[in-house]
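Numbering (the working numbering), first residue to last: 32 to 187. Read the structure below first, then the notes.
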């Protein structure tokens, strides 16, 4: 994907048709995995921590996506032109989503406040990486945001 200059040294990626379609598939998969992970966490929290903690999942989702997007905003100038960051964030998001489900099943039996904080932080990681990935995609291709948003909504 080549770059096109914008004002003040910012760069916008120009989509290559085949690679952009793969990026749309990646957006779909990340959005779908975030939704599936959120549903899985809801079920796990309702069974292991009682239904009173189910609200925590929605809060963690919004917080993680927002923190990821905010982090990208802060480091955007340092990673300009790095295309492999998309691949890294995509795989980190998927890996943590799958890995943490098994981690949470093993350790959700304890009921102390420290354990709850540990679970919350651990469950936040996939949402953080997904927020980073989606933020990079939307800021990298602002003219294609309609197509990206469509793929995002299809997944979620």
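All residues carry an ideal CB built from backbone N, CA and C; glycine is no exception. Since the structure is predicted, the reported quantities are computational estimates derived from the model, not experimental observations.
### Message
For the ligand SAH, is there any heavy atom lying closer than 8 Å to the beta carbon of residue 76?
### Response
Of the ligands one can find in the structure shown there are none, so the ligand SAH has no counterpart to examine.
### Message
Any beta carbon from chain C within less than 9 Å of residue 106's own beta carbon?
### Response
As a matter of chain content, chain C is missing from the structure shown, which is built from one protein chain.
### Backbone secondary structure at residue 154 - three-state DSSP
Residue 154: helix per DSSP, three-state reduction.
### Task
Please report how far the alpha carbon of residue 33 lies from the alpha carbon of residue 48, in whole angstroms.
Because the pLDDT at residue 33 is just 47, under 50, the model does not fix this residue reliably, and the value given afterwards should be weighed accordingly. For residue 33 and residue 48, the distance between alpha carbons rounds to 12 Å.
### Query
alpha helix (DSSP H) containing residue 187: first to last residue?
Run containing residue 187: none; DSSP gives neither H nor E here.
### Limits of the unbroken alpha helix (DSSP H) element including residue 105
86 to 106
### Task
For residue 188, count neighbouring C-beta atoms within 10 Å of its own C-beta (all shown protein chains included) and say buried if the count is 16 or more, exposed if not.
Shown here, the chain extends from 32 to 187; a query on residue 188 therefore has no answer.
### Task
Write down the C-beta distance between residue 69 and residue 85 rounded to the nearest angstrom, noting that I regard them as a contact closer than 8 Å.
Between residue 85 and residue 69 the Cβ distance is about 11 Å, and since that is not below 8 Å, they are no contact.
### Query
Helix or strand or just coil, what does DSSP make of residue 47?
coil
### Message
With the cut-off set at 9 Å, would you say residue 108 and residue 64 are in Cβ contact?
### Response
Their beta carbons are not under 9 Å apart, which means residue 108 does not touch residue 64 by this criterion.
### Classification of residue 186 by the beta-carbon crowding that lies within 10 angstroms, buried from 16 upward
Answer is buried; the Cβ neighbour count reaches 16.
### Message
Could you tell me the alpha carbon to alpha carbon distance between residue 128 and residue 143, rounded to whole angstroms?
### Response
24 Å
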